[in-house]
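Heads up, the sequence shown is in this note's numbering, so the first residue is 1 and it goes up one at a time.
C-beta atoms are modelled at their ideal positions from N, C-alpha and C, and glycine is treated no differently.
In this text the structure is predicted, and so the values were computed from the model without any measurement.
See below for the structure under consideration.
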Amino acid sequence: MNFEFGMKGYSFGMISLICIAANILISIISSNFINLSWLSSIVGIAGLVFAILAFINGKKELEADPSNKKAKTGKTIGLVLIILNIVAFVLILIAIIVGVTLFASML
């Protein structure tokens with residue numbers, strides 16, 4: 001792909017948002033109709049990778065041109081999605097620890 005300078009961060013950010021939306025849609029379909037959890041996992045990881053790329057490219061483009069609004073948007077989208085993924089991971093980890101503790105206390 002040949003991107004215009006200043007558009008990489010924005011483009012990766014939009015792709016990341018599309019991946020997250022597709023992940024939610026696949027999860028809903030998977031829970032109601034057919035088992036697509038493997039596809040949901042792949043799309044979720046792709047969304048995280050594109051969020052990281054959006055943040056890195058947006059930061060580089062913003063340093064080169066501080067007035068570039070698309071670079072700011074790409075950097076912001078990437079940062080927000082990275083933080084949301086970290087928060088979700090921590091909450092899942094806490095839920096697993098609490099679940100194991102409750103299960104162990106029942107024995």
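For M1 and I29, what's the separation of their Cα atoms in angstroms? Because M1 carries a pLDDT of 48, less than 50, the predicted location of this residue cannot be relied on, and the following value inherits that uncertainty. The C-alpha of I29 is placed about 31 Å away from the C-alpha of M1.
Count the other C-beta atoms from every protein chain shown that fall within 10 angstroms of the C-beta of K8, then say buried if there are 16 or more, exposed otherwise. By the neighbour-count rule (16 or more Cβ atoms within 10 Å), K8 is buried.
Could you tell me if A78 is buried or exposed, where buried requires 16 or more neighbouring beta carbons within 10 angstroms of its beta carbon? Residue identity check: residue 78 is Gly in the sequence provided, not Ala. Within 10 angstroms of the beta-carbon of G78 lie 16 or more other beta-carbons, which makes it buried.
Can you list, in chain order, the residues of its chain whose CB lies under 7 Å from that of N23, leaving out five sequence neighbours each side? Scanning its chain for C-beta atoms nearer than 7 Å, with the 5 sequence neighbours on each side dropped, one finds around N23 the residues S40, V43, G44, G47, in chain order.
Could you check how far apart the C-beta atoms of F12 and G74 are, in whole angstroms? I think they sit under 8 Å. Rounded to the nearest angstrom, the Cβ distance from F12 to G74 is 6 Å, consistent with a contact under 8 Å.
Can you tell which of L17, K69, W38 has its C-alpha closest to the C-alpha of S27? The shortest C-alpha separation from S27 is found at W38.
I82 to L36, Cα distance in whole Å? Taking the straight line joining both Cα atoms gives about 24 Å.
What do you get for S105, buried or exposed, if any count of 16 or more other CB atoms within 10 angstroms of its CB means buried? Flag for S105 reads exposed.
By DSSP, does N35 sit in helix, in strand, or in coil? Of the three classes helix, strand and coil, the one that applies to N35 here is coil, per DSSP.
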